[in-house]
Structures are given as structure tokens and as C-alpha cells.
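Novice:
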Amino acid sequence: MPSQGSIGDRVRGLRLSRRMSQAQLAGPDLSDSYVSLIESGKRTPTPVVARLLAERLGCTTEYLLHGIEPRQRIDTELGLRHAELELYHGDPAVAAERFGEIVKAADEDNVMLAAQARLGRARALERQGKVGRAVEAYERLRKEAAAHPERLADLPLAVALCRCYQRAGDLLRAKDLGAHALAQAEKLALVHGDVAVELAAILAETETGLPYVERVLDAVGLPHDVVDRTNEIRALWDASIKAAEGDDSALAVILADDALAAGRPGRLAVRTSQVALQWARIVTARPTVTEEFERAAELAEKATDVLGVFPAERLEHARGLTVLAHVKLRAGDHAAAHELADRTLERVGEAQGVIAASAHLIHAHVALARSEGEVVPLLMKAQELLQGAQATSGPDREAARVWRELGDLWGRSGSRHEQFSAYRRALEAVGIRANMPGTTTPAVLTH
960 MPSQGSIGDR VRGLRLSRRM SQAQLAGPDL SDSYVSLIES GKRTPTPVVA RLLAERLGCT
1020 TEYLLHGIEP RQRIDTELGL RHAELELYHG DPAVAAERFG EIVKAADEDN VMLAAQARLG
1080 RARALERQGK VGRAVEAYER LRKEAAAHPE RLADLPLAVA LCRCYQRAGD LLRAKDLGAH
1140 ALAQAEKLAL VHGDVAVELA AILAETETGL PYVERVLDAV GLPHDVVDRT NEIRALWDAS
1200 IKAAEGDDSA LAVILADDAL AAGRPGRLAV RTSQVALQWA RIVTARPTVT EEFERAAELA
1260 EKATDVLGVF PAERLEHARG LTVLAHVKLR AGDHAAAHEL ADRTLERVGE AQGVIAASAH
1320 LIHAHVALAR SEGEVVPLLM KAQELLQGAQ ATSGPDREAA RVWRELGDLW GRSGSRHEQF
1380 SAYRRALEAV GIRANMPGTT TPAVLTH
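Set out below in C-alpha cells:
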């Protein structure tokens, strides 16, 4: 376990246990007054001085600075990496528990490890869908980042909070955080890496900052030869666990790092594909120039292919198929759109109500365009699926978009009552209750 107390407490405790005076500890290199200042907490030894004091006190520099022995330190580092593997490739509930254990084991002198563990726990809570608790954790971390920027960076925390507030339905707070994060990213000219892609994802979801989203897509791109490395990650993870059980912690850390590194390209490819599909959806839904639409179509094709590589991303792949189907509808390729809707239903069945409903609406679009087949049964089926979809923990913008599309199609089929009812449900899906006799298409859902 880490030693309690400050660096000064450890220096003083070890000095007294060795029956040394401050002058003896200072030796010819330091002054006894400087040693006194260190012990009282008024000075922090430099790395050179820390090594010198550790040598004279008969301990490691690691212990003197952090209150933790090298073996304890590496075991804690290993615990962090295994918790990260659970977060990205395992059970987020287990990850939250493991991060929490590290937080409890770390004391005030191990602030960096504790901060990393608290951040990991916040991410694990978010991945479990415990958005309220995640927001509380992220807000505390953001205050810590403001007070101690050497421990935590503000930008990733602002992005994470924006994402959580958006999921919780507090769109004003999400908008403010998104604008703050975008300003930081623009100042840094940051368009590569995980933070940039995460920021682009939330901006695309809220349909704000789209020029930045486009720059990130240009910079990061979508891979042509993405590979699902799940088996490799699992093998490295298992090897790391076995190495740790054999008391080879150093090797266990190396193997865990290899496992995390093996998973990162896939995680980034999936997230970038989601951003590309959101951007393609936005472009397809609005009047646009030919070149922009062609780019959206190309990105939608590539992004859907990428998501199809990963079995664990079955639902995201299905969503991608519906976006690509809308691109095909816009291009007038009704046969391709119909086929993509069929593939969507094959992928998810009808258990995933919102996605399946979207597929049936694509079939309805095709039937209306071809002036053939019954449209009303398709709309009724989509409505039934939306009504039967499981309630989410907060507002659901995806469901709102599909309800709105259903309303548009009811209007095209001449059913005004059903049209207004669908628009009302669209508003309710984003947390707005309203009576809408004679209401036109709710513009709020386009923003």
C-alpha cells in the first residue's frame, strides 16, 4: 500500500528512523536549512535532490516522491491498463469497479494515478449509460483540471461533458460546452486523434460546427484495409493476465499496452465512421451542391463498409445502412435503397425498434417514388415499432428524427391526423411536450 503523508513526512520519518540529523542528511551537497524546508513541506526536492536523499536514506526515489515502491507502482499501472481493457473491450461495470479500487488505494501523494483512475471511472459510468453519475464525475474532474492542469486536460473533459449533457437532454449546456471545446481545438489547429474525432462526433450530432467536422474527416479519413483485431487483443490481454499471475508485472504491462495499441485503430475507425455517417445524413437531408453530395455518398459507402468489419458494431452497421439508403434515395437509386433496407432488417430484425422502423420508412419512400405497393401498411409498421421501442434514459434524437420522417410520409400519403401525431411524438422524443393542432413540420428537430 502507498505510504501516507507528504514527501516531507517521508524524508523526516526515514531520517529519524536512521538516527540521522538534518545536517548529516544534507551532507556536503545541501544545507540543513534546505532539508528542514523539505521536511516542513515548504520545498519540493528536484529529481536530482530526490535521488540524492533517497540514496542517503536507503530507499528508492520512487518511494520518496510517491510513497510507493517500484513494484507497487508497476502493479498500479498494470491495474489501470487492465481496467482500460475492460472499458474498451470488456465489461464497463467491471472497469468502473477496478478504477474505483485504484482510486481508493491511491493517497494524496499519488495524485496522477488517482486522477487517471477517476477519469477512467467516469468513462466507465458513461459507457454503462449512467449519465447522471458520469456528469457528476466529469464536473468534479473538470474543477480539478482547472486547479491542477498538470494532472488533467480540460479539453477531453469538456468534450465528454458535452456528450453527456447532450444525451441527458440539456442541449443548452451541451451547446455551451461544445462551443468552448471547439474554440480550444481551433486555437490548437487540432484535427487529428481521439479528442478531435470525439469533438467532431458531438458537433455532427447537434449539427453545429460542421466546417470543423469536415476538416476532421479530411485529416483523419477512413481506412481502406481496416481489420477486426478482437482475437489478437483478447490473446494479448490473456497473456498479460498470466504474466501478472506469474509475478512478471513488467511484462504484463508491456502486453497490456500492446493489447490497447492493437485496439486503438479499430476504435478510431469506428468512431470516425460514425462521424462520417452523421455528416452524410446532414448533407443528404438538405439542398446541396453536386460535389458535396458526391462526397457524402462516398463517405457513407466507406463508413458502412468499415462498420461491417466489426461484429460487435452490428447495430452501428445497421444504422449506417439506413443512412446509405437515404443517400441512394436522394440519388434516385430506388433499387439500391430498397436492398439496403432489406439488409438492415436482416441485420437487426425488428427487436431494435428505431432502426427497423427507419428501414420500413425507406421501403415506404421507394413505394411512393415508384407509385406501386401499399404505403400505409409500411407506415403503420414503422409507427408500431417506434411505439414499442424501449424507453431510453433520456431524450432520443435518433427516435425524434425517425418520428419526424414518419410524419412527413404520413403527410405525403394524405393522413393529416397521423402526420400531426407523429410530429408530436417527435417533439416528445427530445423532451418537448406540446399540443399541435395544425402545426407544421417542427423546425426544432433540424437543429
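Under the numbering used here, the first residue of the sequence shown carries the number 960, and numbering increases by one thereafter. Every residue gets a Cβ at the ideal spot worked out from N, C-alpha and C, and that includes glycine.
(1) Quick one: is residue 1035 buried, meaning 16 or more other Cβ sit within 10 Å of its Cβ, or exposed?
(2) From residue 1008 to residue 1134, what distance separates their C-alpha atoms?
(3) Could you have a look at residue 1147 and say whether DSSP puts it in helix, strand or coil?
(4) How many Å lie between residue 1216 and residue 1229 at the Cα?
(5) Would you mind sorting residue 1287 into buried or exposed? The rule is 16 or more other CB atoms within 10 Å of its CB.
(6) Please report how far the alpha carbon of residue 1219 lies from the alpha carbon of residue 1038, in whole angstroms.
(7) Taking just the CA atoms, how far does residue 974 sit from residue 1016?
(8) According to DSSP, simplified to helix, strand and coil, what is residue 1003?
(9) Roughly how many angstroms separate the alpha carbons of residue 1352 and residue 1159, rounded to a whole number?
(10) I need the straight-line Cα distance from residue 1253 to residue 1175, nearest angstrom please.
(11) Looking at the unbroken alpha helix (DSSP H) that takes in residue 1088, where does it start and where does it end?
(12) Buried or exposed: which applies to residue 1114, given that a residue is buried once 16 or more other Cβ atoms fall within 10 Å of its Cβ?
(13) To the nearest angstrom, how far is it from the Cα of residue 1187 to the Cα of residue 1222?
(14) Within its chain, find whatever has a CB closer than 8 Å to the CB of residue 1412; leave out the 5 residues flanking it on each side and keep chain order.
(15) Roughly how many whole angstroms lie between the Cα atoms of residue 1136 and residue 1083?
(16) If we ignore side chains and look at the alpha-carbon of each, how far apart do residue 976 and residue 1040 end up?
(17) Whole angstroms is fine: what's the gap from residue 1369's alpha carbon to residue 1270's?
(18) For residue 1004, does the count of other Cβ atoms within 10 angstroms reach 16, so buried, or fall short, so exposed?
(19) Does the segment 1090 to 1102 touch the segment 1116 to 1123, meaning 3 or more C-beta pairs lie closer than 8 Å?
(20) Which residue marks the beginning of the alpha helix (DSSP H) containing residue 1199, and which one marks its end?
(21) Along the chain, where does the alpha helix (DSSP H) that runs through residue 1416 open and close?
(22) Here's a check: name, in chain order, each residue in its chain whose Cβ is nearer than 7 Å to the Cβ of residue 1318, leaving out the five neighbours to either side.
(23) For residue 1051, which of helix, strand or coil comes out of DSSP?
Specialist: The relevant details are as follows:
(1) Buried.
(2) Taking the straight line joining both Cα atoms gives about 48 Å.
(3) DSSP places residue 1147 in helix when its eight states are reduced to three.
(4) Cα-Cα distance, rounded: 20 Å.
(5) Buried, by the Cβ-count rule.
(6) 13 Å
(7) Between the C-alpha atoms of residue 1016 and residue 974 there is a straight-line separation of about 6 Å.
(8) coil
(9) Note that residue 1352 has pLDDT 43, beneath the 50 cutoff, so the model's placement of it is unreliable and no number is given.
(10) For residue 1253 and residue 1175, the distance between alpha carbons rounds to 18 Å.
(11) It is not in any alpha helix (DSSP H) - residue 1088 carries neither H nor E in the DSSP assignment.
(12) buried
(13) 9 Å
(14) Not covered by the structure: residue 1412. The range shown for the chain is 960 to 1406.
(15) About 21 Å.
(16) 36 Å
(17) 35 Å
(18) buried
(19) Taking a cut-off of 8 Å on C-beta distances, the segment 1116 to 1123 touches the segment 1090 to 1102, as three or more cross pairs fall below it.
(20) 1189 to 1204
(21) Limits of the chain in this structure are 960 at one end and 1406 at the other, which puts residue 1416 out of reach.
(22) Once the five neighbours on either side are set aside, the close Cβ partners of residue 1318 are 1281, 1300, 1303 and 1304.
(23) helix
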